[in-house]
């Protein structure tokens, strides 16, 4: 792989990291709210199926990481 191709893969990993950080921050906010006695945030998170958005985001991150891995070291 050329340096340019590796740089493109690194950019994809940086984007995946940003998406993962967003999911972590969201879960952190809900957790902190519930821990402080604000059960409304937890109910909203699960009742409105917002957890699905976080799961989808994290699956996209996992898929992106696998795609980068496969691009750098293709399977035989």
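Residue numbers (this note's numbering): 2 to 77.
Here a beta-carbon is modelled for each residue, glycine too, at the ideal position from N, C-alpha and C.
The model shown is predicted, which means the values in this text are computed figures rather than measured ones.
Nearest-angstrom beta carbon gap, residue j and residue i [assumed within contact, 8 Å]
| i | j | result |
| --- | --- | --- |
| residue 17 | residue 65 | 4 Å |
| residue 59 | residue 14 | With 8 Å as the limit, residue 59 and residue 14 do not qualify as a contact, their Cβ atoms being about 15 Å apart. |
| residue 2 | residue 73 | 6 Å |
Residue i burial status per 10 Å Cβ neighbour count (16 or more: buried)
| i | result |
| --- | --- |
| residue 46 | buried |
| residue 56 | exposed |
| residue 31 | buried |
| residue 62 | buried |
Residue nearest to residue i in terms of C-alpha spacing, selected from the options
| i | options | result |
| --- | --- | --- |
| residue 53 | 41, 27, 76, 72 | 27 |
| residue 68 | 6, 10, 44 | 10 |
Secondary structure of residue i, DSSP reduced to three states
| i | result |
| --- | --- |
| residue 53 | helix |
| residue 2 | coil |
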